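Protein chains: 2
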Amino acid sequence: MNKNTAVTIKDIATALNLSASTVSRALRGMPEIHPETREAVLQLAQEMDYQPNQLAKNLAKSRTKTIGLILPTLSYHFFASMLNSIEEAAMQAGYSVVVCQTNESYLREVAQIQNLLNSQVEGVIMSLARDTNDFEHIYRLQRKNIPLVIFDRYSTAIDASRVIVDNREAAFKATQHLIENGCQRLGCLAGPPHLLISNERLQGFREALEHYGLTYNERYVFHSDFTQENTMMQALNMMALPTPPDGILTMTDRIAFATMYAFKQKGIRIPEDVAIVSFNNEPTCIYLSPSLTSVNQPIQEMGAQVVRLLLKQLENEAPVATETIVLSTQLMIRESSTTISKKV
Amino acid sequence: MNKNTAVTIKDIATALNLSASTVSRALRGMPEIHPETREAVLQLAQEMDYQPNQLAKNLAKSRTKTIGLILPTLSYHFFASMLNSIEEAAMQAGYSVVVCQTNESYLREVAQIQNLLNSQVEGVIMSLARDTNDFEHIYRLQRKNIPLVIFDRYSTAIDASRVIVDNREAAFKATQHLIENGCQRLGCLAGPPHLLISNERLQGFREALEHYGLTYNERYVFHSDFTQENTMMQALNMMALPTPPDGILTMTDRIAFATMYAFKQKGIRIPEDVAIVSFNNEPTCIYLSPSLTSVNQPIQEMGAQVVRLLLKQLENEAPVATETIVLSTQLMIRESSTTISKKV
DNA sequence: TTGTATGCGTTATCAT
DNA sequence: ATGATAACGCATACAA
Numbered sequence: 000m001n002k003n004t005a006v007t008i009k010d011i012a013t014a015l016n017l018s019a020s021t022v023s024r025a026l027r028g029m030p031e032i033h034p035e036t037r038e039a040v041l042q043l044a045q046e047m048d049y050q051p052n053q054l055a056k057n058l059a060k061s062r063t064k065t066i067g068l069i070l071p072t073l074s075y076h077f078f079a080s081m082l083n084s085i086e087e088a089a090m091q092a093g094y095s096v097v098v099c100q101t102n103e104s105y106l107r108e109v110a111q112i113q114n115l116l117n118s119q120v121e122g123v124i125m126s127l128a129r130d131t132n133d134f135e136h137i138y139r140l141q142r143k144n145i146p147l148v149i150f151d152r153y154s155t156a157i158d159a160s161r162v163i164v165d166n167r168e169a170a171f172k173a174t175q176h177l178i179e180n181g182c183q184r185l186g187c188l189a190g191p192p193h194l195l196i197s198n199e200r201l202q203g204f205r206e207a208l209e210h211y212g213l214t215y216n217e218r219y220v221f222h223s224d225f226t227q228e229n230t231m232m233q234a235l236n237m238m239a240l241p242t243p244p245d246g247i248l249t250m251t252d253r254i255a256f257a258t259m260y261a262f263k264q265k266g267i268r269i270p271e272d273v274a275i276v277s278f279n280n281e282p283t284c285i286y287l288s289p290s291l292t293s294v295n296q297p298i299q300e301m302g303a304q305v306v307r308l309l310l311k312q313l314e315n316e317a318p319v320a321t322e323t324i325v326l327s328t329q330l331m332i333r334e335s336s337t338t339i340s341k342k343v
Numbered sequence: 000m001n002k003n004t005a006v007t008i009k010d011i012a013t014a015l016n017l018s019a020s021t022v023s024r025a026l027r028g029m030p031e032i033h034p035e036t037r038e039a040v041l042q043l044a045q046e047m048d049y050q051p052n053q054l055a056k057n058l059a060k061s062r063t064k065t066i067g068l069i070l071p072t073l074s075y076h077f078f079a080s081m082l083n084s085i086e087e088a089a090m091q092a093g094y095s096v097v098v099c100q101t102n103e104s105y106l107r108e109v110a111q112i113q114n115l116l117n118s119q120v121e122g123v124i125m126s127l128a129r130d131t132n133d134f135e136h137i138y139r140l141q142r143k144n145i146p147l148v149i150f151d152r153y154s155t156a157i158d159a160s161r162v163i164v165d166n167r168e169a170a171f172k173a174t175q176h177l178i179e180n181g182c183q184r185l186g187c188l189a190g191p192p193h194l195l196i197s198n199e200r201l202q203g204f205r206e207a208l209e210h211y212g213l214t215y216n217e218r219y220v221f222h223s224d225f226t227q228e229n230t231m232m233q234a235l236n237m238m239a240l241p242t243p244p245d246g247i248l249t250m251t252d253r254i255a256f257a258t259m260y261a262f263k264q265k266g267i268r269i270p271e272d273v274a275i276v277s278f279n280n281e282p283t284c285i286y287l288s289p290s291l292t293s294v295n296q297p298i299q300e301m302g303a304q305v306v307r308l309l310l311k312q313l314e315n316e317a318p319v320a321t322e323t324i325v326l327s328t329q330l331m332i333r334e335s336s337t338t339i340s341k342k343v
């Protein structure tokens, strides 16, 4: 059952013996309206509890002031936080954002882009789904000249503005930290092989090893599909190597959580048997025992930059060159990687 | 910079020397259209990469097939999961959902309802913000005959369909569990005093105490505003009582996490010194050491019921009586409340 | 089977 | 300062 009685501008107009255009102008506070008329309109609007119809407004102006945000999932704290930070920045610029999750599925990503297009969003911000390997849907978006900014999970196959962190450097520093804390045999629990940022982090991992004269061995690199079960299996497989690692770099906190969980069940001690360093710095990191060392990404800054780059495209008449913003990270050192201070 | 060249039905029509209505019908697969015309239209639409304008569509049909979802925050796993489960159920019924967060702020809640109204959502699903004490904005919604369903954080001051769990019983069982595991002096770390579900849980806590012949003492009840700092302070204050509790019921996992964090820093052992039982069963619960005993709410079921109740109102001509669905919960017993099996 | 006319609620361009 | 009219893109009642 729905209201059949939405108050419209026309209702106010006839009630006041005015034309719709006058009411419209009064409502929007245009200067040419007589104060008395304006007052009358505003008051009646209030009394009738008039709600402007955003659909009609948008259609008439051919303008929605809305941007679409496509995220892999809101269950990761990182993405939920990015949503907040993007929404904040967008709102300040007078835009609202409509969010959709892909649940890591390529098909859903395609569908969501379709939806956003139909919803007439003026621009799109996204981070790629785990399973996205083909970019035709993105190209379509671009062919329609919809401004696009990609953050975090990007692809070099897409020519769009991006906001990322220096994954290679971050992984390098994280690995360096493990080495300097005495780890000799390092393993890496990476994400799906086709995810670019996973490879960048792997690259940083490798460079750190080589920089410190350790040999990089592919057999110490395992790939997780981000699910808990798979991650636990990969982690245990790694520890079942003839000479298991004494330090592991995991690509995300979720991977680290599952790994630590698996290790706990098997009686593998952290950091005594194996140290762990991870990525994302989710709030849960500090609650674990041992607390988890993790790379922090500047979420506020990323959100602000993402929106800034999008606005640049949105508000310029002429096409704008794509831009890549690389932000730096901070390693939050905690118990999982430091044998020294087990304070508990 | 934006596309000035959105392909419309009219474009297809003139290109094919047809009328707009014919194209419209062909696009929607109406039976009365000649197969050949349909083919031609469909093909050209594809070639021109035609995107239907959802705004125009909605305006023309005075129907959006959209429901609004207002959540306190997406940072709580419970709400993020509810979003997924609601979206799933809504999609199956052909509705899409637009989400907004209040960030626990009353003012934002009011504003978000305003937005949803302007966006012409056909119905609203919500869980109240922490700070919401006044319900005029909800009443306005109802005066406009917008179907409304409230879940989890509800209020008896709002006459709307709801989907909740039996908080009193859940708290009773949780408290019972603590008592049966040997706790003698129980404390409760509740949410803000005006949150109804917090009080219901407190009621269950109290009833359990009395049922087991323990005395309920208000001095063992502390209120957290859900922030980490405040929660830590309240938790430590509780343990600073002359005779601190040996068992605590916390109202949410977030409260429990912060409490455990505070206790860890102070060297207060869980469950040896004090056992903890909580609400929400976030995934993090199993990752903690000790793992956290928590009340699980049937999120899938809740989402399905919420949507079902809303659809009932949406798809009935006549007004539908409000309904309350009370679902039952399950206590997930883990290490934080059981002295027996510290497996690690 | 297809076309014409009208409407959805609002804004915008001309007039007056 | 206000009104009439057209337009936004699509759907639909009515004609043909």
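Protein chains in written order, with numbering that gives the first Met the number 0: chain W, 0 to 343; chain E, 0 to 343.
Built from N, CA and C at the ideal position, the CB exists for glycine as well.
A quick note: this is a predicted structure, and the numbers were derived from the prediction, not measured.
Within its own chain, the residues whose Cβ lies closer than 8 Å to the Cβ of LEU140/E, once the five positions on either side in sequence are excluded, are ILE112, LEU116, VAL123 and LEU147, listed in chain order. Annotated three-state conformation of CYS284/E is helix, per DSSP. The alpha-carbon separation between GLU281/W and ASP272/W amounts to approximately 24 Å.
Classified as exposed, ALA317/E has fewer than 16 neighbouring CB atoms from the shown chains inside 10 Å of its CB. In this structure, GLY246/W sits near ASN180/W, with a CB-CB distance shorter than 9 Å. Within the segment 273 to 295 of chain E, THR283, ILE285, TYR286, LEU287 and SER288 place their CB atoms closer than 7 Å to a CB of chain W, listed in sequence order. Along the length of the segment 157 to 196 of chain E, whole beta strand (DSSP E) runs at least 3 residues long occupy 160 to 164 and 185 to 189, reported in chain order. Counting of Cβ neighbours within 10 angstroms places GLY190/W among the buried residues, the total reaching 16 or more. Distance from the CA atom of GLU206/W to the CA atom of GLU199/W, rounded to whole angstroms, is 11 Å. The beta carbon of ILE254/E sits closer than 6 Å to those of LEU188, SER223 and THR230, all from its chain and outside the five residues before and after it, given in chain order.
Closest in alpha carbon position to SER290/E, among ALA303/E, ALA274/E, VAL6/E and SER160/E, is ALA274/E.
Contact between VAL306/E and ALA89/E is confirmed by a C-beta separation of about 5 Å, below the 8 Å threshold. Listed along chain W, the residues sitting closer than 8 Å to VAL98/E by beta-carbon distance are VAL98. Assignment of LEU291/W by DSSP, reduced to helix, strand and coil, places it in the coil class. About 6 Å separates the beta carbon of MET301/E from that of PHE150/E, a gap short enough to meet the 8 Å contact definition. Beyond the five residues adjoining it in sequence on each side, VAL109/E comes within less than 6 Å, by CB distance, of HIS136 in the same chain, given in chain order.
Between THR214/W and TYR75/W, the C-beta spacing is not below 9 Å.
Taking a contact to require three or more Cβ pairs closer than 8 Å, the segment 48 to 57 of chain E and the segment 49 to 62 of chain W qualify as touching. Per DSSP, reduced to three states, the secondary structure at THR338/W is coil, with no helix or strand assignment.
Contact between LEU127/E and SER84/E is absent: CB atoms are separated by about 19 Å, not below the 8 Å threshold.
Neighbourhood of HIS76/E in chain W, by CB distance below 8 Å: SER74, in chain order.
For the segment 217 to 245 of chain E, no residue has a beta-carbon sitting nearer than 7 Å to a beta-carbon of chain W. The residue among ALA19/W, GLU31/W, GLN50/W and LEU15/W with its C-alpha nearest the C-alpha of ALA39/W is LEU15/W. With the criterion set as a beta carbon lying under 8 Å from some beta carbon of chain W, the members of the segment 136 to 161 of chain E are ARG139, ARG142, LYS143, ASN144, ILE145 and PRO146, in sequence order. By the Cβ neighbour-count rule, HIS176/E is buried, with 16 or more other Cβ atoms within 10 Å of its own.
Not flagged as an interface residue toward chain E: TYR94/W, since no C-beta distance is shorter than 9 Å. Per DSSP, reduced to three states, the secondary structure at MET250/W is coil, with no helix or strand assignment. Taking a contact as a CB-CB distance under 8 Å, the pair PRO270/E and THR338/E counts as one, their CB atoms being some 6 Å apart.
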